[in-house]
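With numbering that gives the first Met the number 0 applied, the sequence shown corresponds to residues 0 to 90, in that order.
Glycine included, every Cβ here is placed at the ideal spot set by N, Cα and C.
Quick caveat, the model's predicted, so the values are computed rather than measured.
Structure first, then comments.
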Amino acid sequence: MIQLTLYGRAYCHLCDDMKVALEPFRRDFSFVLHEVDVDSDPTLEDRFGELVPVLLTGTPQAPREAARELCHYFLDGPAVQAWLAAQAPAD
């Protein structure tokens, strides 16, 4: 199963916007979206600071070097589309 992680904050309207913008991709791709509040962990607060939302490939538990940033602040639809298409199994 394809995994994505959205790092954000509870009070972040851009985070909410990115989550909503991802929903149309579910029509063509099956993926799990993990949501992580960066304020829940001081390490994540230090890592991301004000750079939220951030959409990364993989799970929150994946090694940092294994995750790829697809976009931050706003959804980069073409980048997400291309990455999801590359992960999808061939018919």
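Per the DSSP secondary-structure output, residue 36 pairs in a beta bridge with 7. Assignment of beta-bridge partners to residue 56 by DSSP yields 3. Contact check for residue 49 against residue 5 fails: the beta carbons are separated by 8 Å or more. Closest option to residue 70, judged by alpha-carbon separation, among 21, 36, 42, 86: 21. Between residue 52 and residue 7, the C-beta spacing is below 8 Å. Per DSSP, residue 44 is one residue of the alpha helix (DSSP H) stretching across 41-47.
For the 8 Å CB-CB criterion, residue 66 and residue 76 do not form a contact. DSSP, read as helix, strand or coil, puts residue 13 in helix.
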